[in-house]
Structures are given as C-alpha cells and as structure tokens.
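For reference, the structure is listed below as structure tokens.
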Ligand SMILES: Cc1ncc(COP(=O)(O)O)c(C=O)c1O
C-alpha cells in the first residue's frame with residue numbers, strides 16, 4: 002500500500018468509543034480516565050450548596066465534615082482498615098512522599114531504635130514509579146541508604162533477592178502493587194510474609210528496629226483486591242485519577258502505630274499529616290469512584306476485569322502475530338487486565354505515538370510521566386533488555402469504553418505506521434539481540450547511553 006492511501010483514511014467520520022467526543026480511540030486509561038458521570042453527580046453539591054469549611058462548627062461546616070467522614074468510612078471499608086487509618090492527600094505523589102519521608106524521618110529521629118552510625122536503610126523495587134524512585138533518591142541525599150530490589154525478565158520482584166537485601170538496619174520496604182508501564186502485579190502477600198519473618202527474627206535477636214511495608218497502589222485500584230490486611234501492609238496509597246474519579250486526590254492508609262512525621266505544617270487537618278483545608282468535592286469523588294470501581298471490578302459473574310482480560314489478550318495476540326519483531330513486555334497473565342505493553346523493534350516509541358495521534362489514536366510510551374523526558378524506560382531496562390527495547394516500547398491501556406472495534410481499528414492503522422517508521426529507521430535489530438546496536442542513534446535524546454566504555458549523550 003502506498004503512503005497516500007494510508008494518509009487518506011478519515012477517522013473523523015468513524016464513531017469510536019473515545020470518551021467525551023466519540024471520535025478516535027483513546028487507549029491511555031493508565032494515564033488518565035474520564036470522570037464517571039455518577040462521580041461528577043456525587044461531587045456537585047459540594048461545589049456550591051455544601052461548600053462550607055469542614056473545620057467550622059456551624060451547620061455548613063458540619064455538612065462538609067459529614068461528607069468527609071462518610072467518604073473515609075467507604076474507603077476504610079474497601080481497604081479493610083479503620084477510618085482513623087486513612088488520611089486524604091492531593092493524589093498519589095503526595096501520599097507516597099508523606100509515607101516515605103514521614104516514616105524515614107520518624108525512624109531516623111528515634112534514637113531508641115539505635116540504627117547505628119547511619120540513618121538506616123530502605124529497599125524499593127527497581128521498577129517503582131518515579132514518585133518512589135525520586136523520593137528514595139532524595140532520601141539518599143539526606144543520608145539514608147537505598148537498595149533496589151531487582152525484578153525478573155517478566156517484571157516480577159525476585160523474592161530471594163529481596164530477602165537477601167534486607168539488613169539489620171532496614172526499616173522500610175516499598176514495592177508497588179501494579180506497575181504503571183508494564184502492568185505486572187507484584188506478589189504483595191509473599192513480600193508481606195517475608196517482612197513478618199524479619200520482624201520475628203528481629204524480636205528473637207533483640208533488634209528492636211521496626212520494619213514497615215509500603216505499597217503504591219495507584220495503578221492497582223479498580224483492578225486488584227485492596228484489602229490492606231491480607232498482605233500486611235503498613236502504608237498503602239490510592240488515588241482517584243485512574244479510576245474515573247477526580248485528579249489530584251488520593252488517600253494514604255497508615256496502619257495504627259506506624260510512626261510518620263508530618264511534612265506539612267499548618268492547621269493540623271488529617272491527623273496533623275496533611276494540613277490544609279480539605280478538598281471536599283474531590284474527597285467525595287474519590288470515595289464514589291472507588292465504590293463504583295469495586296462494584297464493577299469483580300461481580301459474581303462477568304465484570305470489567307473479565308471483559309478487559311479478554312480484550313487485552315485478543316489485542317496482544319494480534320500485535321505479536323501481525324507485527325513482526327514485536328515483544329510483549331511484562332508477565333503474560335500476572336498483569337493488569339487493561340495493560341498492553343510491547344516493544345516494537347526498529348522504531349522510536351515517541352514517533353509511533355505521534356503518528357497514531359494523527360489518526361486519532363491516543364496511547365503512550367512507557368509511562369505517561371516519563372513522556373516528559375526522552376529517557377529510556379527504567380522499567381524495560383530493569384527487565385534486562387537493551388536500550389532499543391526501552392526506546393521502542395508502547396503502552397496501550399484499555400478502559401471501560403474500549404471495544405473490540407477500537408482494537409481492530411488500531412490493528413488496521415498500527416502495522417502501517419510501523420512499516421512507515423521502519424522505512425525511515427536507522428535501526429535494525431534481531432529479536433533476541435541483547436546488546437545495543439546503534440547507540441549513536443539515541444544520542445541527544447536525553448538518554449545517557451554507555452556502551453563498551455563509550456558514553457553517548
Ligand atoms: C504507580 C503510580 N504512582 C503514582 C502516580 C502519580 O500519581 P498522581 O499524579 O496522581 O500523583 C502514578 C501516575 O501515573 C502512578 O501510575
């Protein structure tokens with residue numbers, strides 16, 4: 002087919018399931034979700050009628066306070082914890098920061114735990130979201146020691162390696178529930194068991210340093226069981242932006258007794274950990290969105306997970322069979338029901354995103370957050386893959402409005418986009434090739450590429 006025929010395709014006349022405008026195909030639900038109309042409806046009264054300050058003693062204040070209390074109750078029920086163990090934050094980023102910095106400073110500041118000469122040691126998985134990665138980097142600069150727990154070739158944390166990394170001064174282990182790029186779901190129960198064993202061993206040996214278990218659940222919400230007690234989590238983060246709720250609202254579960262130093266200082270709201278007037282409509286929206294996501298996730302028959310898994314696997318099968326040199330990233334089954342992440346060799350992921358956008362298809366490379374830079378995905382590199390696999394990774398994330406017709410349309414357009422990009426690509430890689438072949442091709446893209454002792458930038 003000539004380029005011309007391809008360009009002529011007019012998707013504007015095709016009514017796909019894209020949220021809101023109904024034109025084109027939106028496959029970036031892991032980046033952002035449209036708001037569920039029921040969520041919007043639940044939030045509405047709190048913008049105009051019930052606008053009061055929840056700290057006020059009069060009726061308008063009490064109405065707002067009641068809404069917060071009800072929302073906290075709903076969330077505590079779903080997370081199987083006490084209401085007093087939930088604090089509201091402005092999204093996952095803030096909740097993760099409060100958890101990591103709050104615990105680190107509380108532990109380091111408590112001389113009774115006698116960490117020794119340093120400030121102590123924490124472990125995070127190698128594929129954490131940049132929130133946790135960069136928080137750990139910042140903690141390192143404050144004197145804490147950080148280890149990265151490696152993952153296997155399919156992106157699952159290696160439990161034996163994790164066990165080996167735990168030291169007598171380790172006070173925190175942070176492993177995300179589900180990865181935002183490749184969708185792998187981590188074995189939280191097994192990690193929880195390891196932490197329990199460490200606690201018992203410490204008790205027996207007279208080491209009274211506590212060890213806490215933190216997990217970023219931002220991507221798992223709406224797809225996975227959120228019971229915080231089963232894996233024995235001490236700190237757990239959820240947010241509204243990926244579950245058809247409002248953005249910039251999240252919640253942090255803090256198990257009773259877990260020491261957390263405040264990061265913000267002010268009026269003392271949210272148990273003195275998140276001072277500032279609460280965002281009442283967003284809190285109401287978060288609880289409603291979570292309630293709806295839970296109800297849709299796994300009803301006795303069918304449900305959104307079942308539908309999405311079928312659609313996901315159909316899509317993956319078509320991608321790897323119809324587009325040569327396409328490799329699935331992440332585990333085939335232990336992955337989020339809506340996540341499809343592939344490396345399509347000999348192309349640049351960003352170029353594919355832009356070409357697809359020209360055909361009203363919205364997807365992302367790696368994570369939505371790393372698309373602000375052109376650094377290769379640390380997640381794909383952590384799988385033991387070369388830079389080229391990281392640079393050619395594409396993330397398609399499906400959602401409530403995604404249909405088989407959408408996938409079929411993408412499979413009509415994408416092979417042609419790939420063929421075009423390969424025509425102009427300087428790269429030519431074999432599927433099983435482990436070494437980078439053309440490092441110079443990545444120079445100047447923000448990536449620091451080191452091959453055979455030579456650095457390219
Ligand atoms: C796993 C994970 N953690 C944290 C975040 C940050 O969320 P927010 O931007 O809502 O703070 C994201 C966003 O994509 C995410 O996927």
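In the numbering used here, the protein residues as written are 2 to 458. Note that beta-carbon positions come from the ideal geometry of N, C-alpha and C, so glycine has one too. Since this is a predicted model, take the numbers as computed values, not measurements.
Cβ neighbour criterion (16 or more within 10 Å) applied to residue i
{"i": "residue 237", "result": "buried"}
{"i": "residue 187", "result": "buried"}
{"i": "residue 182", "result": "buried"}
{"i": "residue 128", "result": "buried"}
{"i": "residue 49", "result": "exposed"}
{"i": "residue 228", "result": "exposed"}
{"i": "residue 215", "result": "buried"}
{"i": "residue 172", "result": "buried"}
{"i": "residue 360", "result": "buried"}
{"i": "residue 343", "result": "buried"}
{"i": "residue 55", "result": "buried"}
{"i": "residue 330", "result": "buried"}
{"i": "residue 60", "result": "exposed"}
Heavy atom of ligand 1 within 7 Å of residue i beta-carbon
{"i": "residue 158", "result": "no"}
{"i": "residue 220", "result": "yes"}
{"i": "residue 29", "result": "no"}
{"i": "residue 176", "result": "no"}
{"i": "residue 380", "result": "no"}
{"i": "residue 181", "result": "yes"}
{"i": "residue 185", "result": "no"}
{"i": "residue 229", "result": "no"}
{"i": "residue 341", "result": "no"}
{"i": "residue 360", "result": "no"}
{"i": "residue 403", "result": "no"}
{"i": "residue 400", "result": "no"}
{"i": "residue 130", "result": "yes"}
{"i": "residue 277", "result": "no"}
{"i": "residue 366", "result": "no"}
Alpha-carbon spacing of residue i relative to residue j, whole angstroms
{"i": "residue 430", "j": "residue 347", "result": "6 Å"}
{"i": "residue 190", "j": "residue 233", "result": "7 Å"}
{"i": "residue 249", "j": "residue 283", "result": "8 Å"}
{"i": "residue 368", "j": "residue 207", "result": "Confidence at residue 368 is low in this model, with a pLDDT of 45, below 50, so the placement of that residue should be treated as unreliable; the coordinate-derived value is given next. Using only the alpha carbons, I get a separation of about 43 Å."}
{"i": "residue 94", "j": "residue 86", "result": "18 Å"}
{"i": "residue 420", "j": "residue 303", "result": "37 Å"}
{"i": "residue 336", "j": "residue 150", "result": "19 Å"}
{"i": "residue 91", "j": "residue 135", "result": "18 Å"}
{"i": "residue 393", "j": "residue 349", "result": "5 Å"}
{"i": "residue 68", "j": "residue 293", "result": "17 Å"}
{"i": "residue 192", "j": "residue 221", "result": "16 Å"}
{"i": "residue 354", "j": "residue 408", "result": "16 Å"}
{"i": "residue 530", "j": "residue 258", "result": "Coverage of the chain is limited to positions 2 through 458, which leaves residue 530 absent and any answer about it impossible."}
{"i": "residue 272", "j": "residue 425", "result": "57 Å"}
{"i": "residue 38", "j": "residue 320", "result": "33 Å"}
{"i": "residue 540", "j": "residue 279", "result": "With the chain represented from 2 up to 458, any question about residue 540 goes unanswered, as that position is not in the structure."}
{"i": "residue 158", "j": "residue 263", "result": "30 Å"}
{"i": "residue 378", "j": "residue 58", "result": "50 Å"}
{"i": "residue 119", "j": "residue 83", "result": "34 Å"}
{"i": "residue 295", "j": "residue 79", "result": "8 Å"}
Candidates the options, of which the one nearest residue i by Cα
{"i": "residue 289", "options": "163, 330, 73, 53", "result": "73"}
{"i": "residue 265", "options": "258, 359, 148, 275", "result": "275"}
{"i": "residue 226", "options": "433, 81, 145, 427", "result": "81"}
{"i": "residue 70", "options": "133, 230, 42, 285", "result": "285"}
{"i": "residue 405", "options": "417, 102, 31, 317", "result": "317"}
{"i": "residue 381", "options": "180, 401, 140", "result": "180"}
{"i": "residue 141", "options": "197, 112, 102, 301", "result": "102"}
{"i": "residue 314", "options": "305, 339, 297", "result": "339"}
{"i": "residue 462", "options": "307, 287, 132", "result": "One cannot answer for residue 462 here, as it falls past the ends of the chain, which runs 2 to 458."}
{"i": "residue 414", "options": "328, 168, 428, 324", "result": "324"}
Task: Ordered list of alpha helix (DSSP H) runs contained in the stretch 129 to 194, each at least 4 residues - done: 131 to 142, 160 to 166
Open item on the list: Quick check for students: name the residue ranges of the beta strand (DSSP E) that lie wholly in the stretch 68 to 111, counting only runs of 3 or more.
Closed with: Taking only runs of at least 3 residues, the beta strand (DSSP E) segments lying wholly in the stretch 68 to 111 are 87 to 90.
TODO: Can you check the stretch 285 to 354 for any beta strand (DSSP E) of at least 3 residues that lies completely inside it and give the ranges in chain order?
DONE: 327 to 329, 340 to 345
Open item on the list: Please give the ranges of any beta strand (DSSP E) in the stretch 394 to 443, keeping only runs that are unbroken, at least 3 residues long and fully inside the region.
Closed with: 394 to 398
- [ ] Kindly provide the ranges of any beta strand (DSSP E) runs that are 3 or more residues long and lie completely inside the stretch 195 to 220, ordered along the chain.
- [x] 213 to 217
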